[in-house]
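Take a look at the structure below.
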Amino acid sequence: MQPRVTAVLKTLIAVMLALLVAAQVWMIPGLAAATADRFPEFAQLKVPGIIAAVVFLVCVEVVLICIWRLLSLVRTERIFSSKAFIYVDVIIGTMVAASLIIVVSNVIIMAARAGSPSILLVSILGIVVGIALALLVVVMRGLLRKALELEQDMSEVV
0 MQPRVTAVLK TLIAVMLALL VAAQVWMIPG LAAATADRFP EFAQLKVPGI
50 IAAVVFLVCV EVVLICIWRL LSLVRTERIF SSKAFIYVDV IIGTMVAASL
100 IIVVSNVIIM AARAGSPSIL LVSILGIVVG IALALLVVVM RGLLRKALEL
150 EQDMSEVV
């Protein structure tokens, strides 16, 4: 892979991480406070909503950091090592955790009768996308394992 491409990807990941942290610190609490003021009957959901949103974004940040580390392995030509599997496994677990956060959040919203059909639809979409991405990474993990085996076989032949 071209060093420029990995450098650009790392720059974009750094920008995304900065934006996510800004959202966690300023946007989410501000939006939750404004929503609680606008709909006082659902003010009890403010703190759980903030917690769920921040933890969800932490999951996104963990995935981005793992991708950063995988890019570093690519750049140093060590992607076909057992170390890569650690990051891939963390990505899979984090995607599943993010999907579970959506499920729990949706249950809390529906139990408080604060949801609408559009919130339910977006939640279901988020769950499906999260699980689909996790399964895609599982397939990619299998390809990485196979590539590692082939590389080891080739090194024995040469």
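For the sequence shown, position 10 matches number 9 in numbering that gives the first Met the number 0, and the numbering has no gaps at all. All C-beta atoms, glycine included, are put in the ideal place defined by N, C-alpha and C.
What does a CB cutoff of less than 7 Å around Ile-49 pick up in its chain, not counting 5 residues either side in sequence?
-> Once the five neighbours on either side are set aside, the close Cβ partners of Ile-49 are Ile-27, Pro-28, Ala-31.
Kindly give me the distance between the Cβ atoms of Ile-78 and Leu-72, rounded to whole angstroms, as I take these residues to be in contact under 8 Å.
-> With a Cβ gap of about 5 Å, Ile-78 and Leu-72 count as contacting.
Other residues of its chain near Ala-13: CB distance less than 6 Å, five sequence neighbours each side excluded = If we look at Ala-13 and ignore the five residues flanking it on each side, it has no Cβ neighbours.
Given Ile-100, which residues of its chain have a CB within under 8 Å of its CB, disregarding the five upstream and five downstream residues?
-> Closer than 8 Å at Cβ, skipping near neighbours: Ala-51, Val-54, Phe-55, Cys-58.
Residue interval of the alpha helix (DSSP H) (run including Ala-52) | Run containing Ala-52: 45 to 74, per the alpha helix (DSSP H) assignment.
Count the other CB atoms within 10 Å of the CB of Met-94; is the residue buried (16 or more) or exposed (fewer)?
-> Residue environment analysis places Met-94 among the buried positions, since at least 16 neighbouring C-beta atoms fall within 10 angstroms of its C-beta.
Let me know if Ile-85 comes out buried or exposed under the rule of 16 or more other beta-carbons within 10 Å of its beta-carbon.
-> So Ile-85 counts as exposed.
Burial state of Val-87, where buried means 16 or more other Cβ atoms lie within 10 Å | The residue in question, Val-87, is buried, as its Cβ has 16 or more Cβ neighbours within 10 Å.
So, are the CB atoms of Leu-142 and Leu-70 less than 8 Å apart?
-> No; because the gap between Cβ atoms is not below 8 Å, this pair is not in contact.
Would a C-beta distance cut-off of 8 Å place Ser-166 and Ile-126 closer than the cut-off?
-> This structure cannot settle anything about residue 166, because the visible part of the chain is limited to 0 through 157.
Label Ile-136 either buried or exposed according to how many other C-beta atoms from any shown protein chain fall within 10 Å of its C-beta, with 16 as the threshold for buried.
-> The residue you asked about is not Ile; residue 136 is Val in the sequence shown. With 16 or more Cβ atoms within 10 Å of its Cβ, Val-136 is classed as buried.
Residue nearest to Arg-92 in terms of C-alpha spacing, selected from Ala-111, Gly-114, Ala-131 = The question names Arg, but residue 92 in the sequence shown is Gly. For the set Ala-111, Gly-114, Ala-131, the Cα lying nearest the Cα of Gly-92 is the one of Ala-131.
Whole-angstrom distance between Met-153 and Ile-90, CA atom to CA atom | Cα to Cα, Ile-90 sits roughly 28 Å from Met-153.
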